[in-house]
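J.: Here you go, one structure.
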Amino acid sequence: ARSPVFAAELFGPMKEGKADEGGIVRVEDMNVEVFKALLCFAYTGSLPEMHKEEEDVTCQHLLVVADRFDMGRLKLICEEKLCGYIDVGTVATILTLAEQHHCEGLKKACFDFLAAPTNLRAALASDGLQHLSASSPSLMAELMTRSLQH
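For the record, in the sequence shown the residue sitting at position 146 is 146 according to UniProt numbering, with numbers rising by one throughout.
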């Protein structure tokens, strides 16, 4: 199985509780499109075609799901895709995701983007980094330390 978590729920000791439910594994807190992409990856090892307009948001959600279900390869694929979506409008959200889900490559890509003074100024003027400073002061401090070193 591509997910040790799913394997445990379907075939391990956790499956005993599922017998009362007809062997159903419930995943209730996930968007349908994200779940379809997760299943596609679980069965084929690749992601389905996604609408370009939705790919960045879908990959953000898939990264969270990949971390939750211990799907390292899916997590890496999402990290790689998200690196291509880093811009002034997304950098704070993507940086927060990278920090929360221990994605060092993605975090580095965000910091590299913010190393350009024009990108940093534009991002600092946006709501995203203002929210980041309130929600994750340590990450904001790391960003400021890095920017002062450049």
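Quick reminder that beta carbons are idealized off the backbone N, C-alpha and C, glycines included.
Output needed for S133: all residues of its chain with C-beta closer than 7 Å, excluding positions within five of it in sequence on either side, in chain order.
T.: Taken in chain order, the residues that qualify are M140.
J.: Here's the rule: buried if 16 or more other CB atoms are within 10 angstroms of the residue's CB, otherwise exposed. What is L143?
T.: L143 comes out buried.
J.: Go to P48, then tell me how far its alpha helix (DSSP H) extends in each direction, as first and last residue.
T.: Unbroken run through P48: none, as it is neither H nor E.
J.: From which residue to which residue does the alpha helix (DSSP H) around R73 run?
T.: Start and end: 72-83.
J.: Does the distance from the C-beta atom of A98 to that of L106 stay below 7 Å?
T.: Cβ distance < 7 Å, so A98 and L106 count as in contact.
J.: Does the segment 43-63 come close enough to the segment 73-88 that 3 or more CB-CB pairs lie under 8 Å?
T.: With a cut-off of 8 Å, the segment 43-63 and the segment 73-88 count as touching, because enough Cβ pairs lie within range.
J.: Which same chain residues, not among the five before or five after S46, have their C-beta less than 7 Å away from its C-beta?
T.: Excluding residues within five positions, none has a Cβ falling inside 7 Å.
J.: Need the endpoints of the alpha helix (DSSP H) that N119 sits in, please.
T.: N119 -> alpha helix (DSSP H) spans 117-125.
J.: Between which two residues does the alpha helix (DSSP H) holding C110 run?
T.: Here the alpha helix (DSSP H) through C110 covers 104-114.
J.: With H, G and I counted as helix, E and B as strand and the rest as coil, what does DSSP make of D29?
T.: Coil.
J.: Roughly how many angstroms separate the alpha carbons of S136 and C103, rounded to a whole number?
T.: Straight-line Cα distance between these residues: approximately 16 Å.
J.: Nearest to D87 by alpha carbon, out of F111, F69, D29, R68?
T.: Nearest C-alpha to D87: F111.
J.: According to DSSP, is T93 part of a helix, a strand, or is it coil?
T.: Of the three classes helix, strand and coil, the one that applies to T93 here is helix, per DSSP.
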